[in-house]
Structure formats: C-alpha cells, structure tokens
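>
2 protein chains.
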Amino acid sequence: MAKVNPHFQRIQREIIFPVIEKKMEGKKNLVNLGIGDVALPLTPHISQAIKDATTEMTNRPIGYGPAAGYSFLRSALSEKHNVPAGEIFISDGINSDLAGIQELFDTSCKIGVIDPGYPVFGDTNIMAGRDITLLPCTLENNFIPQPPSCHLDLIYLCSPGNPTGVAMTTSDLEKWIDYAKEEKALIIFDAAYNSFITSDNVPKSIYDIPGAKSVAIEMHSFSKSHGFTGLRCAYSIVPHETGLNAMWQMRQNTKYNGCPYIVQKGALAALTCLDSKRQVQSYLECAQMLKNALGNEIFGGKDSPYLWWKVPEDMTSWQFFDLLLDEHNIVSIPGLGFGKSGEGYVRLSAFTTKPEVEKALQRLNVYAH
Amino acid sequence: MAKVNPHFQRIQREIIFPVIEKKMEGKKNLVNLGIGDVALPLTPHISQAIKDATTEMTNRPIGYGPAAGYSFLRSALSEKHNVPAGEIFISDGINSDLAGIQELFDTSCKIGVIDPGYPVFGDTNIMAGRDITLLPCTLENNFIPQPPSCHLDLIYLCSPGNPTGVAMTTSDLEKWIDYAKEEKALIIFDAAYNSFITSDNVPKSIYDIPGAKSVAIEMHSFSKSHGFTGLRCAYSIVPHETGLNAMWQMRQNTKYNGCPYIVQKGALAALTCLDSKRQVQSYLECAQMLKNALGNEIFGGKDSPYLWWKVPEDMTSWQFFDLLLDEHNIVSIPGLGFGKSGEGYVRLSAFTTKPEVEKALQRLNVYAH
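Respectively, the protein sequence lines represent chains A and B.
Note that our numbering has the first sequence beginning at -12, numbered continuously upward.
Note that our numbering has the second sequence beginning at -12, numbered continuously upward.
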C-alpha cells in the first residue's frame, strides 16, 4: 500500500467522547452538562427562512454557489463587522476553517496553541508534520495564555476560551498583537463564543485592538450563537492586510464548493433573530446559576457558556468525572481531554435548560459554597 | 509574516470560469452548454423531506451529528452498494473528499492523475508538495487512461469521465486493478456521474471488478444524480480492506463536523425519488440530441452528460470557444481548462433542457453531419 502520512500516529490524545459515551451507557436520569451542543430547538424565524429557500429551489434551479459564500450573506456580515465583504468567507463550520488554515503555511512554521484548548488547533498541525508549542492556561496566569519568550509563526487563540470559559481583556489581547508584530507572526483568533460576552473590558473582536488587521484572522460561527450546530454555517475574516486573502480564496476555490444555499439563507435570517439572542441569554443564566451555587473553585461562566471547575485535591479530572457521574448522575468533561494543562479540572457546559440546572444543583448540593 | 506554503504558487492552471464569465458579459440570448450544474429545479419529494426535517429541528434540539454521517443515511447507502455501513462516510461534497484524501499519504507518494481531468485531483497534491504524473486521455487511446510503465502510489480515475464524457469498460478497469495490485497502489475512483451510465459493459462501481476493494476508494455524489449541487451532499466508500478506514474516520473526526441534518434527510429521500431518475433521463436525452446532430467528431455523451467535441483543424480550444460564443451565442468550456491534453477540444454539457438544445442546434446547423 502507498506509504501513509506518518504524522497521524503522533496524535496521542485520547478521543474522550466515545469513552464518555461508554461510561454513560445504561445510566438513567442523567443531567448532561458535558457537550457544548444546542439544548434549545431551532427558532421558528430561522426555520421559516430555510423552508422558504427550499421552496425557492423547487421553483428554479439553484446550483453551485460561490465557494466564499453568497453575496447576500457576505454583505450582511460585512456590515455587522465593518470589514469589506471580500474579507468574509462563509463555510460549513469553524472546525473546517480552523483545520484548513494551516495549509497556507510552510511545514517549517512554529505553531503555538493554547493548552487546554480545542483539539483541532494542534492536531491539524501535527497531522501536517509540524511540532507545536503549548501555551498553558492555568490558575497561575488566570487561564489567560501569555506570549512566550520563543519565536512562533502561527498562534491559535480562543476567547472566550473553550474549555476554560475565561475571556481575554483588551490588555490581554494587546500583548498578543504586540508579540505578533514583533515576531511577524499570525494569530488565528477563534471567536466562536463571542455572543456570550457580558464584560465591558472584553472585546468581541480582536480587530478592536488597533493594528490587529495585519496580524490576525478571526473566525466566527453560527453554531453556538444561533443554534446551528446541526445546520453547519461559519465564517472567517481574512483581512487584505494579512496578505493572505487571495491565498485563502484560492484554497477555498480549489477544495470547497460552498455552504448550502438553504443554510446560508437560514444564517441570514439568524442575524436578525431575536429568539437567538434570548437563547444565548438563557444559556448565560444557566451558567450564572451554576457559578453562583458552586462557588470559588469554579472559573469562567461569565462571558461564556462554559465553567471550569477545579477538582478536589488528590483527584484526577477523570476520577472527578467518574464521581460526578456515578454518585450524582451528572455528565461533565474531564479537563485532560483538552490537553495536559486541563488536568485538575472538569468542564461544565451551560448549554442546557434551567430545570436541568436546578436538578443538577440539588444533586451537587454537597459542593455548594 | 509567517512563511507561506510555497507550493500554492506551483498551480499554474488558468482559472477559466472567471475568464469565461467575463467573455459572456453583456451578451444576450446565450445558450449555456458550459457548466455542469443543475438545469432543473429540486424535486418536490426531496424538498418536502428537507422541510419536514427543518420542522423537526424546531420541535426538539438537533445538534452535532456524527462526522461520518447519520446512520439512517449510511445504512441506506450500505444497502444500495452492498458494503458495510461503516465503510460509508457522508460529506458535504465529493470535492471535499477528493481534496482531503491525499492527507492520509506521505508527501513522497507518486501521484497519477487523468489529463484532461477535474482540477482538484492534481491541484490538491501539488499544494501538498507532491509532483504529479499526467495520464493522458486522448483520441489515440479513445480517451481511456492507461496504466503507465512507471510506479505510482495514488491514482485518480473518473468514469464516466469529466470532461471527456467517455466511460471505462470492465476490461479497462481490470487493467487498473491489476496495476494497483502489482504496484501496491491505491485508486481514488470518482464515480460522480455513474447514474448516467447506459452501456452494458460499463460498471457503475469499480467494486464490480473482483479484488478492487483492497485497492480502491470510491467516491459518489448526490450533485449530478439528484440535483444537489446547491445542497451539498456526497459520500466516500473506504473499504476496510484498504487499511485506511480508521485513518479516514480519524481525519473526518478531526477536521469535519458532518453534513447538515436537513441535507442528509433530503439525501435519504433522494434515494427513492423517481423524479430524480427522470431528470437524469432528461439530461441524457439532451446529450443524445447533441451527439446525434453534431456527428463524428463528438465523443462521450452516451454514459455521461458531457460531450467532448473536437475543434476544427488549426484552431485552439479557446479560439473555438470564442467562435461558438461570438458567432453562435453558445457557451462551451475550452478543453485546455481541464489540462494540456484537453487542448483541441471543447466540452459541451447536457445539463440543460430540450428547448435549449433545440435552440443550440439551430444555431450550430453548420456543424451538423
């Protein structure tokens, strides 16, 4: 057989979701605070837009759209973000964009990824043969990644952070913009959770920092902000100032045929959907309930649907996960699943409903502060 | 700025569609026999399934699905193709699968691609730093690629072929299976147009050839068979016998979050949609009308919606394209756009309607045989 890519074998991370599902098997009456997926149904406003677009497809042939997305959606997002429409690229998911962006770079590039973090940041670079430098987000630095003393070419940041739920302030981001300019590096900024930001000093976009457009690509998603995890729509902002806009267009033209017409019509409707905003608000209230009840050893949850809970002394994140599952019928995610600096924590997700949170808190009252 | 991937610059192919669109600008009353896109609207049966699935999403939260696709669709396709459901991977387009598959292999692998052919075969390998060997499909070999005397690791075949419209017979494919076994190579078999096959001796699947499951990955699409170019759904069959099934699963789990639920429900409905079959039949009739009228110098079109038309002596494919456009108001595609062995031909697409073909034939009567 043709020689396979040897770097796939270097992915040593335990694939945790199948393990978690196995542990959940046969258990009844669980409260699932594990996965970051929609807990509320699609809003009628978005649904109607999708159905109308589907009807349109039966009235006239609607085939291939532009790889970068329809101009109706690019224009609307251009207005929302105050960037040229040509800098916006629609896709089927932020995961796809995060996975694909490293293809624009040489295999020799030095990569920095937050730890703990979303696995695709590091794994896709490892698969492409690169080594990665971990940027620890721990209690010592208040879970905020700090620019390292070494050189990096590409840096993956996420704010509000997944899994920690902690968001970077203006001054946190300024440090990274300075670093990127100094080192001629590029920041890949994962802003998937920015609709959950409530703090005044937390920017919703890295482009709020002067000069960021020349050193940062920002990625957004409809998944968490508008309940699109099952519909699949996201977008990346690739500023002309990065010098990479034409290259990303070429990559997308070659490898991608565009997001479905009906999904892009749904995304357009989502931008003006008040029910979507109410859903985000509801998830934030769930986060607040958990945070208020569970006390000082819980981080995040203010600008994010995620809470990062320190496990009791002398326990690993898997042990605490097992305890929560076996003793309290609560599903969490062991922090180790997000990288080695995730050890010592579990992630709780507020993508749930208030009755479920109340049930969870009754079961967890031993941890109440 | 971080060092960019130097291989992107090696893509020398002229991006023809923008050039063609520019030439079309301002012209009235064109008959478009250029692009291979749907000319008939979505069938009501498929549309209804998508709307029902959208309603379902408003009744209960439906979020992330499996990266490889929902079991309802994998099972149905498993039955259709008589392969295990675990060998079927649903995606958002055959383009995505064709672009991604090379990631499983070492950068040293020797790549063979048909010429003329679908650009993504070669371009994605060039972008990954590999050199490619062209497998010419010319009048001399009746447009059927032949196994070369040199070693190849990965071979991209497409039958019925795009752009030539010529399909490989059982004995043509047997030669390639023998070659792949001898050379321990893998065949990527693009079967996107197999629903157009009418000839008895043309297999609809490479797996009809004994032993093919250990040396071939077969890719299918709903685009041309069920009018899904704007909806985006496709699938790859990755047999366990190739040793690559787990690796592709890992690639998809890492880089892809699955095809939208509503699109997969539409694809399930498509499998039993009689109107889809009628649409394919209608396109085939358009192909037959063109073939019958335009005579001996036209190839393909029997098992394919594409016709490969030899241009008059002393003309290039771009010159004949210009002549057809300027003198006859007919849009074609110059063969050179599909690779250097495409020079001397234009592609006509039968993704159109009979009234349009009749209009075209009146204009082209000077070429009638």
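Glycine included, each C-beta is placed from N, C-alpha and C at the ideal position.
So with CB distances below 8 Å, who are the chain A contacts of residue 212 of chain B?
Near residue 212 of chain B there are no residues of chain A at all, since even the closest Cβ is about 14 Å away, more than 8 Å.
> Tell me whether the beta-carbon of residue 42 of chain A lies closer than 7 Å to the beta-carbon of residue 29 of chain B.
Cβ atoms of residue 42 of chain A and residue 29 of chain B: not closer than 7 Å.
> Residues of chain B with CB closer than 9 Å to the CB of residue 365 of chain A, please, in chain order.
With chain A covering -12 to 356 only, the question about residue 365 of chain A has no answer from this structure.
> Assuming residue 5 of chain B is part of the alpha helix (DSSP H), what are its boundary residues?
Run containing residue 5 of chain B: 3 to 11, per the alpha helix (DSSP H) assignment.
> Sorted by chain position, which residues of the same chain lie with C-beta nearer than 7 Å to residue 235 of chain A's C-beta, five sequence neighbours on each side aside?
If we look at residue 235 of chain A and ignore the five residues flanking it on each side, its Cβ neighbours are 76, 91, 225.
> Which of helix, strand or coil does DSSP assign to residue 344 of chain B?
The answer is helix: DSSP assigns residue 344 of chain B an H, G or I state.
> Could you give the residue range of the beta strand (DSSP E) that holds residue 334 of chain A?
That run of the beta strand (DSSP E) goes 332 to 336.
> Alpha carbon to alpha carbon, how far is residue 308 of chain A from residue 124 of chain A? Give it in angstroms, no decimals.
Answer to the nearest angstrom: the Cα atoms are 20 Å apart.
> Taking only beta-carbon atoms, is residue 61 of chain B less than 7 Å away from chain A?
No, its Cβ sits nowhere closer than 7 Å to a Cβ of chain A.
> Output, in sequence order along the chain, the residues in the segment 245 to 275 of chain B whose CB is closer than 9 Å to any CB in chain A.
The residues in question are 245, 246, 247, 248, 249, 250, 253.
> Given residue 298 of chain A, which residues of its chain have a CB within under 7 Å of its CB, disregarding the five upstream and five downstream residues?
Closer than 7 Å at the Cβ level, and outside the excluded window around residue 298 of chain A, lie 304, 307, 331, 332, 333.
> Using a Cβ-Cβ cut-off of less than 7 Å, give me the residues of the segment 7 to 40 of chain A that come near chain B, in sequence order.
Taking 7 Å as the Cβ-Cβ cut-off against chain B, the residues of the segment 7 to 40 of chain A that qualify are 24, 25, 26, 27, 28, 29, 31, 34, 37, 38.
> Residue 51 of chain A CB to nearest chain B CB: under 7 Å?
At least one chain B Cβ lies under 7 Å of residue 51 of chain A.
> Mind checking the segment 216 to 231 of chain A against chain B and listing, in chain order, the residues whose C-beta falls within less than 9 Å of any C-beta there?
Those would be 216, 217, 218, 219, 220, 229, 230, 231, in chain order.
> Between A:113, A:204, A:283, which has its C-alpha nearest residue 296 of chain A's C-alpha?
Closest by alpha carbon: A:283.
> Determine, for residue 117 of chain A, whether the minimum Cβ-Cβ distance to residues of chain B falls below 7 Å.
Not one chain B Cβ lies under 7 Å of residue 117 of chain A.
> In or out: residue 328 of chain A buried (at least 16 other Cβ within 10 Å) or exposed?
Counting Cβ neighbours within 10 Å, residue 328 of chain A comes out buried, since at least 16 surround it.
> Would you list, in chain order, the members of the segment -8 to 3 of chain B that have their beta-carbon closer than 8 Å to a beta-carbon of chain A?
The segment -8 to 3 of chain B vs chain A, Cβ under 8 Å: -8, -7, -5, -2, 2.
> Could you work out which residues of chain A lie near residue 203 of chain B, taking near to mean beta carbons separated by less than 7 Å?
Chain A residues near residue 203 of chain B: none, gap ~12 Å exceeds 7 Å.
> Is residue 24 of chain B helix, strand or coil when you go by DSSP?
If DSSP states are grouped into helix, strand and coil, residue 24 of chain B belongs with coil.
> For residue 85 of chain A, which residues of its own chain have a beta-carbon under 8 Å away from its beta-carbon, when the five flanking residues on both sides are left out?
Result list for residue 85 of chain A: 105, 107, 108, 111, 143, 175, 177, 206, in chain order.
> For a contact defined as C-beta to C-beta under 8 Å, what are the partners of residue 107 of chain A on chain B?
Correct list: 241, 242.
> When you compare the CB of residue 80 of chain A with every CB in chain B, is at least one pair closer than 7 Å?
Yes, residue 80 of chain A lies at the interface with chain B (some Cβ there is under 7 Å from its Cβ).
> Less than 6 Å between C-beta atoms, sequence neighbours within five positions excluded: which residues of the same chain meet that for residue 25 of chain A?
Counting only Cβ-Cβ distances below 6 Å, and skipping sequence neighbours, we find 214, 216.
> I'd like the list of long-range same chain contacts for residue 190 of chain A, defined as Cβ closer than 6 Å, with 5 residues on each side in sequence excluded.
Answer for residue 190 of chain A: 157, listed in chain order.
> Excluding sequence positions up to five away, which residues of its chain have a Cβ less than 7 Å from the Cβ of residue 244 of chain B?
These residues qualify, in order along the chain: 51, 54.
> With 7 Å as the limit, tell me which residues of the segment 169 to 196 of chain B have their beta carbon closer than that to any beta carbon of chain A; keep them in chain order.
The segment 169 to 196 of chain B vs chain A, Cβ under 7 Å: 171, 172, 173.
> Can you list, in chain order, the residues of its chain with a C-beta nearer than 7 Å to that of residue 199 of chain A? Leave out the 5 residues immediately preceding and following it.
Excluding sequence neighbours, residue 199 of chain A sits near 164, 193.
> Measuring only between beta-carbons, confirm whether residue 72 of chain B sits less than 7 Å from chain A.
So, not an interface residue.
> Around the C-beta of residue 231 of chain B, are 16 or more other C-beta atoms found within 10 angstroms, so that it is buried, or is it exposed?
By the neighbour-count rule (16 or more Cβ atoms within 10 Å), residue 231 of chain B is buried.
> State the start and end residues of the unbroken beta strand (DSSP E) segment that holds residue 222 of chain A.
It spans 221 to 224 - the beta strand (DSSP E) in which residue 222 of chain A sits, taken as one unbroken run.
> Mark residue 359 of chain B as exposed unless 16 or more other C-beta atoms lie within 10 angstroms of its C-beta, in which case mark it buried.
With chain B running from -12 to 356 in the structure shown, residue 359 of chain B is simply not present.
> So, under 8 Å CB-CB, residue 147 of chain A and residue 183 of chain A are touching, yes? Tell me the CB distance rounded to an integer number of Å.
Right, the Cβ-Cβ distance comes to about 6 Å (below 8 Å), so this counts as a contact.
> Return the Cβ separation of residue 186 of chain A and residue 290 of chain A in integer angstroms, given the expectation that the two are a contact with Cβ distance under 8 Å.
That belief holds up - the Cβ atoms of residue 186 of chain A and residue 290 of chain A are roughly 5 Å apart, short of 8 Å.
> Taking the alpha-carbon of residue 151 of chain A as reference, which of A:320, A:344, A:348 has the nearest alpha-carbon?
Measuring from the Cα of residue 151 of chain A, the nearest candidate turns out to be A:320.
> Tell whether a beta-carbon distance below 7 Å holds between residue 250 of chain B and residue 220 of chain B.
Yes, these two residues count as a Cβ contact at 7 Å.
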